[in-house]
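Chemist: Handing you a structure now.
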Amino acid sequence: MTFNATRFGLAGGIICGLFFLVITWISMFNGYAMGYLNLIGSVYPGYTVSFLGSLIGFAYGFVECFVAFFIFAWLYNWLESL
Numbered sequence: 022m023t024f025n026a027t028r029f030g031l032a033g034g035i036i037c038g039l040f041f042l043v044i045t046w047i048s049m050f051n052g053y054a055m056g057y058l059n060l061i062g063s064v065y066p067g068y069t070v071s072f073l074g075s076l077i078g079f080a081y082g083f084v085e086c087f088v089a090f091f092i093f094a095w096l097y098n099w100l101e102s103l
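Going by my numbering, the sequence shown runs without a break in its numbering and finishes at 103.
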């Protein structure tokens, strides 16, 4: 079985991006996970607990996880072919 690395990366990127988006929106309304989100804000420039920050977080999460999942699928396919 082989993975399509691009599709695998897109799926992972969308899931991670949506996680950042949803957790930021939840925190905007009830303060949930503020400690975690403040830590994320110190790592990702421009990220804040706001509507714009949620979009920035989505972009960071998507790009970071797309790359990670793409590399994982590519490496899996390469190791399977050995």
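A virtual CB, placed ideally from N, CA and C, is assigned to each residue, including glycine.
Between which two residues does the alpha helix (DSSP H) carrying L60 extend?
Modeler: From DSSP, the alpha helix (DSSP H) with L60 extends over 55-64.
Chemist: Classify S48: buried if its beta carbon has 16 or more other beta carbons within 10 angstroms, exposed otherwise.
Modeler: Per the 10 Å Cβ criterion, buried.
Chemist: Nearest-angstrom Cα distance between Y1 and T69?
Modeler: Residue 1 lies beyond the range of the chain shown here (22 to 103); nothing can be said about it.
Chemist: I61: which of N51, G78, W46 sits nearest, CA to CA?
Modeler: The shortest Cα separation from I61 among N51, G78, W46 belongs to G78.
Chemist: For L103, which three-state DSSP category applies?
Modeler: Here L103 sits in coil by DSSP.
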